[in-house]
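Going by this note's numbering, 34 is the number at position 33 of the sequence shown; the sequence numbering is gapless. As structure tokens, the structure follows; a few thoughts come after it.
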Amino acid sequence: MSTGLRTSEVAAAAGVNIQTLRYYERRGLLAEPERTLGGHRLYPERAVTTVRIIKAAQRLGFTLVEVADLLETTRAGARPDTGLRARAATKLAEVDARLAELTAVRDTLRATLAAGCDDLLSCSEIPSCPVPFTGEIALAPATEHDR
């Protein structure tokens, strides 16, 4: 029988729950582990590192699809245009754009508070109303959650 870490050991060491490991396995982020004669999963020690990498990338704003691509690129030998550096630059540009959008929203909300706008209808009729009824603030596209 091979040696390795059981599911609960990997989950505890990586700071995730057991369902997360199984989900990552189903998504192909973690390789299917060996099994004991009793059917228990036995993960290699590097599985802990892989899960930690996945969680770190998610905290940086990468989706699981993007993480899967990054892991695959790493396994296949990264080309400069597809590796972490290129993707981090793209993600940074997305974050900068979102920050600019949020800054514009924050400034408009502050101006709305300062203008004393209590009612959208009355505010929309005042020429100095800061609320962008004419589309002055470019917001990010609606997500499925917003619809």
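Just so it is clear, CB atoms sit at the ideal spot from N, CA and C, and this is done for glycine as well. Because the structure is a prediction, the values reported are computed rather than measured.
So residue i packs on residue j, CB below 8 Å; how close in whole Å?
i	j	result
I1	Y25	Absent from the structure is residue 1, since the part of the chain shown begins at 2 and ends at 148.
At the level of alpha carbons, what is the spacing between residue i and residue j?
i	j	result
G29	F134	46 Å
V132	V66	37 Å
E46	R23	16 Å
C124	L114	11 Å
G104	A48	Sequence check: residue 104 is Thr here, not Gly. When rounded, the distance between both Cα atoms is 39 Å.
T91	G40	42 Å
A98	T109	17 Å
Within a Cβ cutoff of 8 Å, which residues of the same chain sit near residue i, ignoring the five residues on either side of it in sequence?
i	result
S129	A116
L31	L22, Y25, Y44, A48, T51 and V52
T144	In this prediction, T144 has a pLDDT of 47, which is less than 50 and means its spatial position is unreliable; what the coordinates show is noted afterwards. Excluding positions up to five away in sequence, the list is empty.
R7	H41, R42, L43 and Y44
Report all residues from its chain with a CB closer than 6 Å to the CB of residue i; omit the five preceding and five following residues, and keep chain order.
i	result
P34	R42, L43 and Y44
A112	P131
Which residues in the same chain as residue i place their Cβ atom closer than 7 Å to its Cβ, once the five residues preceding and following it in sequence are excluded?
i	result
V96	G62
E14	In the sequence as displayed, the identity of residue 14 is Ala instead of Glu. So the qualifying residues of the chain are V49.
For residue i, which of the options has the nearest alpha-carbon?
i	options	result
A69	L93, I127 and R27	R27
R88	R107, A58, A12 and L6	A58
R36	I127, V11, G5 and L122	G5
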